[in-house]
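Each residue of the sequence shown is one higher than the one before, starting from 0 at the first, in numbering that gives the first Met the number 0.
Cβ coordinates follow ideal geometry from the N, Cα and C atoms, glycine included.
So the structure is just underneath, and the comments pick up after that.
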Amino acid sequence: MASRAKPKASFHKRMADGNYLGIAVWPGKTEPEAEVIAIQVRSFYDGKWETLERMAIYRNPKGTYSALPERREPKGLETPAPESE
């Protein structure tokens with residue numbers, strides 16, 4: 000069984016409307032000094048969690064930031080929902 004990568008840092012907050020705001024900082028895949036900051040808003044709807052909005056930002060080893068293009072995950076590969084606070 001392959002081990003799953005873990006973020007350097009991860010934070011979640013339940014918003015007033017019941018949705019969750021999450022942010023995770025991941026190490027770069029090819030450049031360990033780089034980071035990817037992933038931000039998403041998730042909602043529990045119709046018995047399942049779904050991502051409403053997502054944004055990813057890349058920080059290169061020199062500290063320059065840029066937005067990454069949006070990506071969609073194939074059905075069934077969505078990330079698990081955060082635990083309730």
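query = Would R3 be called buried (16 or more neighbouring beta carbons within 10 Å of its own) or exposed?
reply = exposed
Straight-line CA distance for F43 to M14? 13 Å
According to DSSP, simplified to helix, strand and coil, what is G62?
coil
Taking the alpha-carbon of D16 as reference, which of R70, R41, S9 has the nearest alpha-carbon?
R41
Starting from E32, trace the beta strand (DSSP E) in both directions and tell me its first and last residue. Neither: E32 is in no beta strand (DSSP E) and is coded neither H nor E.
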